[in-house]
Structures are given as structure tokens and as C-alpha cells.
Amino acid sequence: MSPTNKPPAYPGLDTPALLLDLDSLDKNIRRMAAFFRRGRSRLRPHFKTHKCTPIAWRQLRAGAVGITCATVDEAESLAAAGIRDILIANQVVGDGKIARLVALAHETDVMIAVDNARNARDVARAARQQAVSVRCLVEVDTGMGRCGVTPARAAALARSTARMEGLALAGLMGYEGHCVFIEDKKQREDETRHALGKLISAVRAVRAETKLRSPVVSAGGTGTCRITGRFPGVTEVQAGSYATMDAKYARLVPGFACALTVLATVISRPSSGVAVLDSGMKAISPEFGMPTAARAPGVEIVKLAEEHAVATLSEEAKSLAVGDRVELVPAHGCTTVNLHGWYNCVLRGEVVATWSIAAGAFTR
Ligand SMILES: Cc1ncc(COP(=O)(O)O)c(C=O)c1O
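To convert, count from 1 in the sequence shown and add 1463; that's our numbering.
If you want it as C-alpha cells, here you go:
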């Protein structure tokens, strides 16, 4: 690689350092916003991917109807940043968390997922005691095998929650997480449609048995949003990874750039074909496999230890020396971001800002 087209080395940063390319981030946000402007459903992007309120605000300003998140911690961070329309796409269980949820309902329009009548009663009671109402979506398991009632049981749960003072039944959700990573496009589309068919049949049953006329119907991830975002009856999509992307999604979802990288330094060259970098699994999640090297042809990461990444080098990369820097694209962005306290935001090779990561392992 000639010195002129060498990627930036960010000499002012110690490594490992989480980098966020703002040009790529903004392009991804604009691209997804344009897709939703052309259809009827709306985007409520998932916060768990980036855990960063300036990014959430950029998504809202681009047209998102609100923000989805996974935890009460995340919802509190969103509320503290002035974001008012929040879906916790998860069950909120336990007195402490329910009390925090109810406190949030005083200042925000917060929605939760419910899949259990006893939990729904606990939330309703706490909300009544504080004279607030918490909006809820009945969660339906459309085949993922995680939370959610079966489609056949959705109407019964909806009927009972609709009668609970303190809860306001707003609709249904059914995240088709078992479809988002299916490599074969046709199979992904077929299985997504099958899953959403189950969700919409549950919606019909709920409409028939309650007074709910315009339910929120929320589903979708980055791998399925082109299908889910156009599926009749779906009103909101919860995709999140599209904003920052990662190496796994980059193989499956064309058109979105990897804005997120971990900057690593070569700390050892034990042999001509091997380099060792200082960013291991304490900086990059190995959950979905090895990171890929960005703009570093011939560098292949083959192993992550706690503080080390081992790379094999083909001929074109053999000039890599101790002290050189390489940007690594994590295979899974969400669980990588959670390992860091802030993003180093870069624009055309310069660090221009640092943005905090909220409610992560580092900042909890
Ligand atoms: C409930 C829920 N909704 C939506 C998503 C979509 O996220 P992504 O855009 O990363 O596919 C996830 C991801 O795990 C999720 O758990």
C-alpha cells in the first residue's frame, strides 16, 4: 500500500479505540429513512445496537417515530436525553424495574412488551398507585422461540390487559429474530412472511376481541426490514444495526456501510506471515465470529484472545510492522459497543467528537 492511500492511523488515540465514521453513519440513517418515507410503516430504530443518544436524535430527525430499546436502563438514558416516545421491546419484571418504568411514564410516552398476565397485573398495579398509565404491546412468538405468547393465545392476553387500569393496550409486537440472518434471500423472505403471517393473524384475533382499532404492530430487524417494512398490517419496524452495521450484516444487507470499527495496533510480528494486534475479545465481541480488517488487504484475523487478535498475512500485507494500525470491523456490532465507554467519532480521517455509550457494561 502506498503511503498516500494508507488508512488514517489516529496517532492521538490509544488502542483499542472504538471508531464511528460519521459520514457512513449519516448515509445509513438517510438511506433507511428514505425507504420508510416511501411506504406506510414507520421506523422505530433499536437503541441497543448503538446505545448512543446523539445517534438516536439523528434517527429521529431523519423521520423515525420513536426509539425502541431493550432495557429500563436504556429507556432512562433516552428519557434523560429528552426522547419521549420509547418502546422497551422487552418484558419489565421485578418491583425495582417496574418502579423505574412507572417513574419514566410520568415524563415519557413509554411502551413495554407483555407476554404474561401476572407481570401485566404487577405493572398495572404500580402504574395505578402512581396515577399513570403505561402503554403495552402483547408480544407474540412468531417462531424465534424467545419471549412472547403463541399467536393463538394473544387475544386472551390482550383481552385481560385491556381491562387492567394502569395499562393501556396499544398493540402487538413479534420480532422475527430467527429470520434476520438467513443467508438465502428467497428463504429469508419466505420465512419472514410466514412469521409475519402469524403476527397478523394474532392482530386480527385481538381486533375482534378488544376495542383496539388502530393497533401498533411492531416487528423487524435489519436483515428483514425490506420485507417487514412493506408487509401489510405492520406499522412499525425495530431495525437497529443498519445505522452502524457490522461485518455479519454487511454480507447480508447490501447498501449500508460499516461505520463502526475498532482501531488496533500491531504489537508483535512473531513470523513473516503473522501479526498480533492489541484488540482482543475485551474490545471486540467474538459472538458472531472474527472481525474483518478494513482497508487492509491481506490481513485476516484468525483468533481473538482476551487482549490479542492474531492475524495471518498474505504477501501484500507482509510489510505490516509493529506500531502500525489496523481498523477491525466487528462481526457483531451490538455486543462490541457494549464493551466500550464512548465512540471516537471520525470525519475524513480526523477525530471530531466523542460520544458516550449509555447503559452498557462499561457505564452501567
Ligand atoms: C426485539 C428486537 N427487535 C429488533 C431487533 C433488530 O435488530 P437488528 O437491526 O440488529 O437486526 C432485535 C435484535 O436483536 C431485537 O431483539
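Cβ atoms here follow ideal geometry from the backbone N, Cα and C, with glycine treated the same way.
As the structure is a prediction and not an experimental result, all values here were calculated from the model.
Please list the terminal residues of the continuous alpha helix (DSSP H) segment that includes ARG1655. Rather than Arg, the amino acid found at residue 1655 in this sequence is Thr. 1648–1672 is the span of the alpha helix (DSSP H), which, as asked, contains THR1655.
Under three-state DSSP, which class holds SER1734? Strand.
Considering only the alpha carbon of each residue, which of ARG1547, ILE1518, LYS1514, GLN1522 lies closest to GLU1537? Minimum Cα distance to GLU1537 is reached at LYS1514.
Distance, PHE1694 Cα to ARG1503 Cα: Rounded to whole angstroms, ARG1503 and PHE1694 show a C-alpha spacing of 9 Å.
How far does the beta strand (DSSP E) with ASP1536 in it extend, from its first residue to its last? Per DSSP, ASP1536 belongs to no beta strand (DSSP E); it is in the alpha helix (DSSP H), 1535–1543.
Buried versus exposed call for SER1681 [16 or more other C-beta atoms within 10 Å across all chains shown]: So SER1681 ends up on the buried side.
Can you tell which of GLY1823, ALA1822, THR1799 has the C-alpha that lies nearest to the C-alpha of LEU1483? Here the closest residue by C-alpha is THR1799.
My output table needs one value for GLU1602: the three-state DSSP class, helix, strand or coil. Correct three-state label for GLU1602: strand.
For a test of the three-state rule: what should DSSP assign to THR1624, helix, strand or coil? When DSSP states are grouped into helix, strand and coil, THR1624 belongs to the helix group.
For TRP1818, list the residues DSSP reports as bridge partners. In DSSP, TRP1818 forms a bridge with TYR1806.
Would you mind stating whether ALA1617 and VAL1603 have Cβ atoms separated by less than 7 Å? Contact: yes.
Span separating the alpha-carbon of LEU1488 from that of ALA1633: Rounded to whole angstroms, the gap between the alpha carbons of LEU1488 and ALA1633 is 31 Å.
Would you say THR1613 touches ligand 1, meaning its beta carbon is less than 6 Å from a heavy atom? Not under cutoff, so the answer is no.
Range of the contiguous alpha helix (DSSP H) that encloses LYS1711: Residues 1710–1715.
Going by DSSP, what residue range makes up the beta strand (DSSP E) through THR1698? No beta strand (DSSP E) contains THR1698, which DSSP labels as neither H nor E.
ALA1756 vs VAL1762 beta-carbon contact at 7 Å: Contact: yes.
Taking only three categories from DSSP, how would you classify MET1495? In the structure shown, MET1495 sits in a helix (DSSP, three-state: H, G or I).
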